[in-house]
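*Asks:*
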Ligand code: NAD
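Residue numbers (my numbering): 87 to 516.
1) Please give the ranges of any beta strand (DSSP E) in the segment 96–136, keeping only runs that are unbroken, at least 3 residues long and fully inside the region.
2) My understanding is that residue 299 touches residue 322, with C-beta atoms under 8 angstroms, so please give their C-beta distance in whole angstroms.
3) One question on the structure: do residue 251 and residue 262 come within less than 8 angstroms of each other, judged by their Cβ atoms?
4) Ignoring anything shorter than 3 residues, give me the beta strand (DSSP E) runs that lie fully in the segment 429–468, in order along the chain.
5) Give a yes or no on whether the C-beta atoms belonging to residue 226 and residue 219 are separated by under 8 angstroms.
6) Give me whichever residues DSSP pairs with residue 396 in a beta bridge.
7) So if DSSP puts residue 226 in a beta bridge, which residue, or which two residues, is it bridged to?
8) Counting C-beta neighbours from all protein chains within 10 Å, is the total for residue 289 16 or more, i.e. buried, or is it exposed?
9) Which residues in the same chain have their Cβ closer than 8 angstroms to the Cβ of residue 485, if we skip the five residues on either side of it in sequence?
10) So, for residue 191: in the same chain, excluding its five sequence neighbours on each side, which residues have a beta-carbon less than 7 angstroms away from its beta-carbon?
11) Go through the residues and name those whose CB comes closer than 6 angstroms to any heavy atom of the ligand NAD, in chain order.
12) With DSSP as the reference, label residue 159 as helix, strand or coil.
13) Rounded to the nearest angstrom, what separates residue 211 and residue 224 at their Cα positions?
14) List, from N- to C-terminal side, the beta strand (DSSP E) runs of 3 residues or more that fit wholly inside the segment 165–202.
15) Do residue 386 and residue 302 have their C-beta atoms closer together than 8 angstroms?
16) Determine the burial state of residue 35: buried for a count of at least 16 other Cβ atoms within 10 Å of its Cβ, exposed for fewer.
17) Assuming the contact rule is C-beta atoms closer than 8 angstroms, residue 420 and residue 443 should be a hit. Round their C-beta distance to whole Å, please.
18) Quick one: residues in its chain with C-beta nearer than 6 angstroms to the C-beta of residue 316, no 5 flanking neighbours on either side, listed in chain order?
19) So what's residue 255 in DSSP terms, helix, strand or just coil?
20) Of all the options 457, 472, 122 and 465, which has the alpha carbon lying nearest to the alpha carbon of residue 175?
21) Can you give the beta carbon distance from residue 330 to residue 394, rounded, assuming they're within the 8 angstroms contact cut?
22) With 16 other CB atoms within 10 Å as the buried threshold, where does residue 128 fall?
23) Is residue 445 buried or exposed, if buried means 16 or more other CB atoms sit within 10 Å of its CB?
24) Between which two residues does the beta strand (DSSP E) holding residue 333 run?
25) Apart from the five residues just before and just after residue 313, which ones in its own chain have a Cβ nearer than 6 angstroms to its Cβ?
26) Could you check the C-alpha separation between residue 194 and residue 154 for me, to the nearest Å?
27) Give the straight-line distance between the Cα atoms of residue 358 and residue 427, rounded to the nearest whole angstrom.
28) Measure the C-alpha to C-alpha separation of residue 475 and residue 257 and round it to an integer number of angstroms.
29) Please return the same chain residues whose Cβ sits closer than 8 angstroms to the Cβ of residue 507, not counting the five positions on each side in sequence.
30) Going straight from the alpha carbon of residue 99 to that of residue 501, what length do you get?
31) Please report how far the alpha carbon of residue 221 lies from the alpha carbon of residue 320, in whole angstroms.
32) Go ahead and label residue 119 buried or exposed: buried means 16 or more other beta carbons lie within 10 angstroms of its beta carbon, across all protein chains shown.
33) Assuming residue 416 contacts residue 397 (C-beta within less than 8 angstroms), just tell me the rounded distance between them.
34) For a test of the three-state rule: what should DSSP assign to residue 146, helix, strand or coil?
35) Name the DSSP beta bridge partners of residue 140, please?
36) Are the beta-carbon atoms of residue 403 and residue 423 separated by less than 8 angstroms?
Here it is as structure tokens:
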């Protein structure tokens, strides 16, 4: 099933459970507009033209909000699906934004830095009439970063005739970005996990103080999730990147992590080692450099099947499928990546009694702090990191509680509950 059909199906299912008519849900699924634009750069060989998109799905709860990706596989269908999911995510988080998404069909790795800047500025110019602080606020996504947001904000400001820091989020911190944004998605995942653990633990018979965690992906989301989870008392016993991973004290792990302090990884040390060696798997047994002498190398497939309490896919979509779902031993899966569980795998996990904390809730920390960045931009303020983190905690705890209560009331999974909550908020404009 493609990404658009999957998104539509989950929304339709939520709408049906809420008792809305098919017409109401079809109307909700229809984007307000999808714009296709010509984006160009002037290279040494002449003008090069690319196709860009912006899907503005729904703004009933506030300005559209969503990332911009630069990727050869960007398509109209993909940005539309992702804009629907942004409307859902903002509604679950309870922040006053709607959903949008944009992208350019391009392989940015083929472009020089100068060309990338031209491309970014050209896209901002093409979208100028339909974006803005109170209309649609873009952010970084796949292959776009704070510098690209800085170029786009600058270009937008030139056309607007005034500096407009609230036109984009995800800017560098010294150019109007928010403190705490880099860590926000990982931090948010830990906040949501902790908020739901107290409710799930009686059901799953897990003891909070001794929970073991395996994290797939050691990029922005995976690293900060692992680090903050470790700081708050979880035992992170396995992490991986695209080349494979490591687990600490594999023997202890198979005996349910041995429950000893020694069985956990020192995450900042592991990051230091990854930076030095290039890959996590390269960190295994590198003597005093890292603290993982008792470790063992695992493949990404093996990591997913480790006997841990909590599994955190934080890298790619569709890594848990019909093929491996029955081998998962974790009791809780936190979907930190977008769509890491294939649709077909859910019933298998549900049958095994595995609780899934859904992506639209678990990884919403990033968009929540983007919202804080937007507010700071509008008000000309600069918040302390502590204030950002405190506010993030408050927003996500409230969302997690709302999703939990919806799931209890409707007797549905957390995923269905999150979509039901969002669909109701979008239809009722609440
Ligand atoms: P990133 O590029 O910083 O990191 C991705 C990590 O995944 C890297 O460590 C990479 O080595 C690893 N990886 C790549 N292929 C892999 C494979 N086959 N197996 C295991 N690991 C692999 O990206 P990110 O920003 O951390 O995003 C990760 C996921 O989280 C994506 O699905 C993204 O859409 C989602 N997400 C990110 C944010 C955010 O704020 N960055 C917000 C919401 C959702």
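All residues carry an ideal CB built from backbone N, CA and C; glycine is no exception.
Quick caveat, the model's predicted, so the values are computed rather than measured.
*Replies:* Checking against the coordinates, here is how it stands:
1) 119–129
2) As a working note, residue 299 is residue 213 in the chain shown. As a working note, residue 322 is residue 236 in the chain shown. That belief holds up - the Cβ atoms of residue 299 and residue 322 are roughly 5 angstroms apart, short of 8 angstroms.
3) In the chain shown, counting from the first residue as 1, residue 251 sits at position 165. In the chain shown, counting from the first residue as 1, residue 262 sits at position 176. Cβ atoms of residue 251 and residue 262: closer than 8 angstroms.
4) Whole beta strand (DSSP E) segments, 3+ residues: 441–443.
5) For the purposes of this step, residue 226 is taken as the residue at position 140 of the chain shown. For the purposes of this step, residue 219 is taken as the residue at position 133 of the chain shown. No, Cβ-Cβ distance for residue 226 and residue 219 is not below 8 angstroms.
6) Here residue 396 refers to the residue found at position 310 of the chain shown. The partner list for residue 396 (beta bridge, DSSP) reads 299 and 418.
7) By 1-based counting over the chain shown, the position of residue 226 is 140. DSSP, once it has assigned bridges, lists 154 as partnering residue 226.
8) As a first step, residue 289 is located in the chain shown; it is residue number 203 there, counting from the start. Looking at its Cβ environment, which holds fewer than 16 other Cβ atoms inside 10 Å, residue 289 is exposed.
9) Working through the chain shown from its first residue, we reach residue 485 at position 399. Answer for residue 485: 178, 179, 180, 278, 447 and 450, listed in chain order.
10) Within the chain shown, the letter at position 105 stands for residue 191. Cβ neighbours of residue 191 beyond the five flanking positions: 136, 137, 158 and 160.
11) 271, 302, 303, 304, 305, 306, 307, 308, 326, 327, 328, 386, 400, 401, 402, 422, 423, 424, 449 and 452
12) Locating residue 159 in the chain shown gives position 73, counting from the first residue. Of the three classes helix, strand and coil, the one that applies to residue 159 here is coil, per DSSP.
13) For the purposes of this step, residue 211 is taken as residue 125 along the chain shown, with counting starting at 1. For the purposes of this step, residue 224 is taken as residue 138 along the chain shown, with counting starting at 1. Those two C-alpha atoms are separated by around 13 angstroms.
14) Listed in chain order, the complete beta strand (DSSP E) runs (minimum 3 residues) inside the segment 165–202 are 185–191.
15) What you label residue 386 is simply residue 300 of the chain shown in a count that begins at 1. What you label residue 302 is simply residue 216 of the chain shown in a count that begins at 1. Taking 8 angstroms as the Cβ cut-off, residue 386 and residue 302 qualify as a contacting pair.
16) What the structure shows of the chain is the stretch from 87 to 516, and residue 35 is not part of that stretch, so it cannot be assessed.
17) To locate residue 420, count along the chain shown from 1; it is residue 334. To locate residue 443, count along the chain shown from 1; it is residue 357. Rounded, the Cβ-Cβ distance is 5 angstroms, consistent with contact.
18) As a position in the chain shown, residue 316 is number 230, starting the count at 1. Counting only Cβ-Cβ distances below 6 angstroms, and skipping sequence neighbours, we find 322 and 353.
19) Translated into positions along the chain shown, residue 255 becomes position 169. Coil, per DSSP.
20) Locating residue 175 in the chain shown gives position 89, counting from the first residue. For residue 175, the nearest C-alpha among the options comes from 457.
21) Taking the chain shown and counting its residues from 1, the one referred to as residue 330 is at position 244. Taking the chain shown and counting its residues from 1, the one referred to as residue 394 is at position 308. Going by Cβ atoms, the distance from residue 330 to residue 394 rounds to 17 angstroms, so no, they are not a contact pair.
22) Taking the chain shown and counting its residues from 1, one reaches residue 128 at position 42. Under this definition residue 128 is an exposed residue.
23) Against the chain shown, residue 445 aligns to sequence position 359. Label assigned to residue 445: buried.
24) The sequence position of residue 333 within the chain shown is 247, counting from 1. Bounds of the beta strand (DSSP E) holding residue 333 are 330–333.
25) Position 227 of the chain shown, counting from 1, holds the residue named residue 313. Annotation for residue 313: 353 place their beta carbon closer than 6 angstroms to its own, counting only its chain and skipping 5 residues before and after.
26) As a working mapping, residue 194 is identified with position 108 in the chain shown. As a working mapping, residue 154 is identified with position 68 in the chain shown. Using only the alpha carbons, I get a separation of about 13 angstroms.
27) As a first step, residue 358 is located in the chain shown; it is residue number 272 there, counting from the start. As a first step, residue 427 is located in the chain shown; it is residue number 341 there, counting from the start. Going by the C-alpha atoms only, they are around 30 angstroms apart.
28) Working through the chain shown from its first residue, we reach residue 475 at position 389. Working through the chain shown from its first residue, we reach residue 257 at position 171. Cα to Cα, residue 475 sits roughly 18 angstroms from residue 257.
29) For this step, residue 507 is matched to residue 421 along the chain shown. Excluding its 5 nearest sequence neighbours in each direction, residue 507 has C-beta neighbours in its own chain below 8 angstroms: 177, 178, 488, 489 and 492, listed in chain order.
30) On the chain shown, position 13 is the one that residue 99 refers to. On the chain shown, position 415 is the one that residue 501 refers to. Each residue's CA atom was taken as its position, placing residue 99 and residue 501 some 11 angstroms apart.
31) As a first step, residue 221 is located in the chain shown; it is residue number 135 there, counting from the start. As a first step, residue 320 is located in the chain shown; it is residue number 234 there, counting from the start. Computed Cα separation, rounded: 41 angstroms.
32) Along the chain shown, read from residue 1 onward, the residue named residue 119 stands at position 33. By the 10 Å Cβ count, residue 119 comes out exposed.
33) One-based indexing of the chain shown puts residue 416 at position 330. One-based indexing of the chain shown puts residue 397 at position 311. Confirmed, about 4 angstroms.
34) Here residue 146 refers to the residue found at position 60 when the chain shown is read from its first residue. Residue state, collapsed to three classes: coil.
35) Indexing the chain shown from 1 puts residue 140 at position 54. BP columns for residue 140 point to 121 and 188.
36) The residue you call residue 403 lines up with position 317 of the chain shown. The residue you call residue 423 lines up with position 337 of the chain shown. Contact flag set, yes.
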